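Enquirer:
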Amino acid sequence: MITPLIPANEWQRLHALLKTGLLDSAPDPQLDRLTNIAQQSFGVDIALVSLIDSRRQWFKSSQGLDASETGRDISFCGHAILNQEVLVVENALEDPRFFDNPLVLQAPHIRFYAGAPLCTTAGYRIGTLCIIDSQVRHFTDQDVALLRKLADCVEEQINQRQLVELRHTLEASESRAQLIIEGAGVGTWQWNMQTGVCEFNEPWAEMLGYRLQELAPLTIDTWKQLVHPDDLAASYILLEDHLAGKEPAYEYRYRMRHQAGHWVWIHSRGCLLGRSEDGRPMTMYGTHINITAERVALEQLERRNRALSLLNRLAFELSGTLDEQIQQALVLSCEYLRLDIGIVSEIIGDVYAVRWVAAPPAVDISPGTRFVVANTYCQLLLQQTGILAISHMGGSPFQQTDCYRQMGLESYIAIRLEVGGQLFGTLNFSSVAVRTEPFDDTDRMFLGLLAHWLGELLNNKIHQERLNKLLDQMPGMLYQYRRWPDGHSCFPYSSNGIKLIYRVTPQRVQQDASVVFDQVYPPDLPQVIESVHASEEQLDTWYAQYRVLQADGSLRWVEGRAHPERLEDGSTIWHGYLVDIQSEKEAELALAASEQRLRSLFELSSIGIALNDFYSGDFIDVNQALLDATGFDKEQLLTMDYRALTPGQYQYQDQLALEEVQRHGRYAPYEKEYLRRDGSRFPVRQQGMLIKDANGRALLWSLVEDISELKKVERMQKEFVATVSHELRTPLTSITGSLGLLEQGVLGKLPHKAEQLIEVAYHNSKRLNLLINDLLDIEKLAAGKTHFDIRAHDLHELVREAIAMNRPLGKGRGVQLELITKPAREMVLTDKDRFIQALSNLQANAIKYSPAQGKVTLTIERVDGKQLRVRVQDQGEGIPMDFRPRIFEKFAQADSSDTRQKGGTGLGLAITKDLIERMQGSVGFESAPGQGTCFWLDVPAAEESAQR
Ligand code: ADP
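When the count follows full-length UniProt numbering, it moves up by one through the sequence shown with no breaks and lands on 948 for the last residue.
(1) Could you check whether the Cβ of Y642 sits closer than 6 Å to any heavy atom belonging to ligand 1?
(2) Consult DSSP for H452 and reduce its assignment to one of helix, strand or coil.
(3) Along the chain, where does the beta strand (DSSP E) that runs through S927 open and close?
(4) Tell me which residue opens and which closes the beta strand (DSSP E) that H267 is part of.
(5) For the pair the stretch 125-135 and the stretch 37-54, tell me if three or more CB-CB distances fall below 8 Å.
(6) What residues in its chain sit with their C-beta under 7 Å from that of S765, if we drop five residues either side in the sequence?
(7) So T283 and L298 are in contact, right, with Cβ under 8 Å, and what is the actual spacing, rounded?
(8) Among the candidates G420, E410 and R416, whose CA atom is the shortest distance from the CA of A433?
(9) Any heavy atom of ligand 1 closer than 6 Å to the beta-carbon of A629?
(10) What's the gap between the Cα of D440 and the Cα of F316?
(11) Should L937 be labelled buried (16 or more other beta-carbon atoms within 10 Å of its own) or exposed?
(12) I believe S531 touches A544 by the beta-carbon criterion, under 8 Å. Please report the beta-carbon distance rounded to the nearest angstrom.
(13) Is the CB-CB distance between V49 and S61 below 7 Å?
(14) Measure the alpha-carbon distance for Q400 versus D221 and round it to whole angstroms.
(15) Could you tell me whether the Cβ atoms of residue 978 and G368 are closer together than 7 Å?
(16) Should R547 be labelled buried (16 or more other beta-carbon atoms within 10 Å of its own) or exposed?
(17) Determine the contact status of V89 and Y113, defining contact as a CB-CB distance below 7 Å.
(18) Closer than 6 Å to a non-hydrogen atom of ligand 1 - does that hold for the CB of Q893?
(19) On the three-state DSSP scale, how would you describe A610?
(20) Is T859 near ligand 1, going by C-beta to nearest heavy atom under 6 Å?
(21) Considering only heavy atoms of ligand 1, does any lie closer than 6 Å to the CB of G846?
(22) On the three-state DSSP scale, how would you describe R338?
(23) Might you give, ordered along the chain, the residues of its own chain that have their beta carbon closer than 6 Å to the beta carbon of R676, omitting 5 neighbours on each side?
(24) Taking DSSP's pairing of strands, which residues face M689 in a bridge?
(25) I'd like the list of long-range same chain contacts for L5, defined as Cβ closer than 7 Å, with 5 residues on each side in sequence excluded.
(26) Please state whether DSSP places Y236 in a helix, a strand or coil.
(27) If you drop the 5 nearest sequence neighbours on each side, which residues of the same chain put their C-beta closer than 6 Å to that of L771?
(28) Taking G279 as the reference, which of L310, Q194, V331 and K246 has the closest Cα?
(29) Rounded to whole angstroms, what's the CA-CA distance from P361 to L417? Just pull it up for me.
(30) Please say whether I415 and A389 have beta carbons closer to each other than 7 Å?
(31) Identify the residues that DSSP records as bridge partners of E418: which are they?
(32) Alpha carbon to alpha carbon, how far is R483 from V419? Give it in angstroms, no decimals.
(33) Taking C-alpha atoms, which residue in L22, A782, Q106 and P108 lies nearest to R161?
(34) To test your reading of the DSSP string, which unbroken beta strand (DSSP E) runs of 3 or more residues are found completely within the stretch 449-493?
(35) In its own chain, which residues sit with a C-beta less than 7 Å from the C-beta of L31, not counting the 5 before and 5 after it?
(36) With DSSP collapsed to three states, give me the class of E714.
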């Protein structure tokens, strides 16, 4: 047995079979009649309409067979569909394809088979009409033709059945589409182009707010009357294009009037169906969709885009001065808002001042116009934070109060204008026309952003103004200087300070900087240019000091500093400033000069000068005199500190001096020794003061005076005094002694003349003695060599002792000495001998200048508790007025005739004063003409001193 082959187009064939809907369907009487005719006509056992499914053959109609299907592999029909011709098997036992087929070997014991293939309209062979018999039979050509004819009938029956099925399906889908259209609210239309009659559905009418019957009779005019007149012409053009075949469909978006009066946007699509015999268009079908919502959204989007692009333009494209920019912004905004007056106002207190205006020439309002705030719409605006929009002023509650009313304004939109967070004024737009467009979110957004931008612009301007004012206060000029590789340069910006420095305006050098260079002092110019080049090359900060010529021919120093930046075109721009430093420069030069002077003083001084760090003691600077004295050179000394030059024994004294410096800022001169480089010493007198340098570092200036010479003189003086006392005094003592003896008549009575001479000689030798003693005293005091042994003594006793000493002198002149104070124990701190010496001097003078038989009285009294005073009062002539100021000077004597008689050296009072003062006391006198003189001595009371 050979199983039937599968045809090449099997998949399409099976699809075509399925589409017939015949498989497993109910019996079809038409087909049964045809199989019955075949069974009868050929007198066979079996006649079948067999359909070849993928694995089986199913019998759509069968005569003489009980089974409804058999396997495709054993089927005869499976072979029959492989060819177009009728398959005839006259004796199955002799056919190699079928001899062992179970249908041959068993029931129905097929011997004879003839099958004609059945084709669908598309040409797929889906099965056969076949006749079967259990007897071998001969099948003629006529038999074949007949079978084929019957098979054609079956084919026709099958295909017709398919058409019916198709119609049913179509009907179902059409009603589905209709339902969808109705449900979606899509309007439909049908237009008979020959009669003009139209059909619309209910949603079509509803879109425009009507019921369909209200619009009857429905013709093309019904439509025409509802379309926006502006949109009609375009509709005709589109229709023509479609009818001419240029467009596959008619498609158009246009406006139609709603019953309520507004316009509804419609999206219409339509298509021509059929033409008359002579080619005239017959009927068009189409739909209407309401796209108003989308259209409004789109329009809003467009408006929004327009608003944003306008704002963008304002922000980035406007140029010119601030006034020009605001003016332009107002014009553009008016255009956008479709209002013809735009105003920016400033509110100052209760005054509304018009600052910028854009308005048609007919409108009488200009910048500077002022109103009272209470009388304007903005009053309301100022009370609320948002935007005020009035499209129909006539109906607004402000019509009586506003000054704009006189101008007949109808539309008014305004927004608060804030600058830097503060109310500045208002931004408003108005028009004499009623604004038809509603004030929407887009307008709100536009105004908000516009006010914001304007606020920023004004803020910048205000900042700029403030900044400019600040810059004008700056002592100097701020600038940007730009220089190209070809050498051309300019100042794109410079503050007003340039007028003072270069005597040009900022505008003058905006394009060309050369005028500035003409004013640089020519000898300084090369240095300025060189520094600019260097700064440009290294991109380093430019710095220069140079002189600029003034109108009167004088020069002023300026100092500049600027930071360079390379630009893309190869030019360089510096941002910097230039200041007049004339006064600083003058001060600097003066300082340098004074420093120079001080320096030369320092260097030329014969006294050594050293500058040391106060804490470390390191030498910081020394002058030549100190180097000469010490024998060091400067480098050496600057690595040392002062201690290295001081012998150890002076450490304590140095320490005291440093303490004094810390307390008083300076230390008094004191003597010490310095070490020379060679180790030898030399005496110095040193004094100094503390200073602080600019960094606050404590420094000590010291004057170090080499007193080697002084010491040498002192030594010589000492030696001289010793010589005088020894070499002069000793012989003089013996001379005086000898003369004294002679005068006393030791050698007997001398001749009268000799006696007189001896007396003169004796008297003068005593005077000379006194003089020498006084000289020695004064010398000793001056040299500080007088030794004082200060102890507590009873003052009364001291005075009594002094009186006793001078009594002989008084006796000689008949002058009486008397202490009139009652004895009391009053202790003083003094050197007994020196005190008596001083008091004796005063007594001696008192005696000397008393009249004969006069009286000298002494008193003791306490002065202010701390001092005791001894007064020596005489009855002499007193001290001449003009002599009083000089009375305590050395060698001073009143220029009176008797001075010489009275003898004396003029040193007594000087010595007295010196002695007493060295013992912490004081000396003074009172004298009135004719009333004698009173000299007094004050000495420290012992208890007080002890306490101190
Ligand atoms: P001298 O050795 O000349 O007295 P002093 O220094 O003691 O030197 O006195 C200086 C001068 O002061 C005297 O020459 C005298 O003119 C005047 N002088 C001093 N004491 C008296 C006094 N008690 N009365 C008047 N003149 C006096």
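A virtual CB, placed ideally from N, CA and C, is assigned to each residue, including glycine. Just so it is clear, the structure is predicted and the values come from calculations on it, not from any experiment.
Expert: In short, the structure shows the following:
(1) The residue labelled residue 642 in the question sits at position 642 within the sequence shown. False, no ligand heavy atom lies under 6 Å from that Cβ.
(2) Reading the sequence shown from its first residue, position 452 is the one you call residue 452. Three-state DSSP puts H452 in a helix.
(3) Along the sequence shown, read from residue 1 onward, the residue named residue 927 stands at position 927. Here the beta strand (DSSP E) through S927 covers S922 to S927.
(4) Position 267 of the sequence shown, counted from the first residue, corresponds to residue 267. Segment W263 to R275, the beta strand (DSSP E) holding H267.
(5) yes
(6) Locating residue 765 in the sequence shown gives position 765, where the first residue counts as 1. Excluding sequence neighbours, S765 sits near L732, I735, T736 and L739.
(7) Locating residue 283 in the sequence shown gives position 283, counting from the first residue. Locating residue 298 in the sequence shown gives position 298, counting from the first residue. Between T283 and L298 the beta-carbon gap is near 33 Å, outside 8 Å, which marks them as no contact.
(8) Residue 433 sits at position 433 when you count from the first residue of the sequence shown. Of G420, E410 and R416, the residue nearest in Cα terms is E410.
(9) By 1-based counting over the sequence shown, the position of residue 629 is 629. Every heavy atom of ligand 1 is 6 Å or more from the Cβ of A629, so no.
(10) Counting from 1 along the sequence shown, the entry for residue 440 is found at position 440. Counting from 1 along the sequence shown, the entry for residue 316 is found at position 316. D440 and F316: Cα-Cα distance of roughly 26 Å.
(11) One-based indexing of the sequence shown puts residue 937 at position 937. Classification of L937: buried, given that the 10 Å Cβ count is 16 or more.
(12) Here residue 531 refers to the residue found at position 531 of the sequence shown. Here residue 544 refers to the residue found at position 544 of the sequence shown. Right, their Cβ atoms sit about 5 Å apart.
(13) In the sequence shown, the residue the question calls residue 49 occupies position 49. In the sequence shown, the residue the question calls residue 61 occupies position 61. Going by C-beta atoms, V49 is nearer than 7 Å to S61.
(14) Locating residue 400 in the sequence shown gives position 400, where the first residue counts as 1. Locating residue 221 in the sequence shown gives position 221, where the first residue counts as 1. At Q400 the pLDDT is 48, less than 50, meaning the model places this residue with poor confidence; the figure from the coordinates comes in the next sentence. Answer to the nearest angstrom: the Cα atoms are 50 Å apart.
(15) Nothing about residue 978 can be reported from this structure: the residues present for the chain run from 1 to 948 only.
(16) On the sequence shown, position 547 is the one that residue 547 refers to. Under this definition R547 is a buried residue.
(17) Taking the first residue of the sequence shown as 1, we reach residue 89 at position 89. Taking the first residue of the sequence shown as 1, we reach residue 113 at position 113. Inclusion of V89 and Y113 in the CB contact set at 7 Å is warranted, their separation being smaller than that value.
(18) Against the sequence shown, residue 893 aligns to sequence position 893. Q893: yes, Cβ under 6 Å from ligand 1.
(19) As a position in the sequence shown, residue 610 is number 610, starting the count at 1. DSSP places A610 in strand when its eight states are reduced to three.
(20) As a working mapping, residue 859 is identified with position 859 in the sequence shown. It does not: the Cβ of T859 is nowhere closer than 6 Å to a heavy atom of ligand 1.
(21) Here the question's residue 846 lines up with position 846 in the sequence shown. Gly is not the amino acid found at residue 846; the sequence shown has Ala there. Yes.
(22) Here residue 338 refers to the residue found at position 338 of the sequence shown. Reduced to three states, the DSSP call for R338 is coil.
(23) Residue 676 sits at position 676 when you count from the first residue of the sequence shown. Cβ within range, chain order: T630 and G631.
(24) Reading the sequence shown from its first residue, position 689 is the one you call residue 689. Beta-bridge pairing links M689 to R666 and W701.
(25) In the sequence shown, residue 5 corresponds to position 5, counting from 1. For L5, where only same-chain residues beyond five positions count, the Cβ hits under 7 Å are L82.
(26) Numbered from its first residue, the sequence shown carries residue 236 at position 236. Residue state, collapsed to three classes: helix.
(27) Counting from 1 along the sequence shown, the entry for residue 771 is found at position 771. So the list reads T905, once near-sequence residues are dropped.
(28) Here residue 279 refers to the residue found at position 279 of the sequence shown. Selected option, being the one with the closest Cα: Q194.
(29) Position 361 of the sequence shown, counted from the first residue, corresponds to residue 361. Position 417 of the sequence shown, counted from the first residue, corresponds to residue 417. C-alpha separation (whole angstroms): 25 Å.
(30) Counted from its first residue, the sequence shown places residue 389 at position 389. Counted from its first residue, the sequence shown places residue 415 at position 415. No, the pair does not count as a contact, with Cβ atoms beyond the cut-off.
(31) One-based indexing of the sequence shown puts residue 418 at position 418. The partner list for E418 (beta bridge, DSSP) reads L423.
(32) For the purposes of this step, residue 419 is identified with residue 419 of the sequence shown, where counting begins at 1. For the purposes of this step, residue 483 is identified with residue 483 of the sequence shown, where counting begins at 1. A direct Cα-Cα distance of roughly 38 Å separates V419 from R483.
(33) As a working note, residue 161 is residue 161 in the sequence shown. Out of L22, A782, Q106 and P108, L22 has the C-alpha closest to the C-alpha of R161.
(34) 477-483
(35) As a position in the sequence shown, residue 31 is number 31, starting the count at 1. Cβ neighbours of L31 beyond the five flanking positions: V49, K60, S61, V154 and Q157.
(36) What you label residue 714 is simply residue 714 of the sequence shown in a count that begins at 1. Helix, per DSSP.
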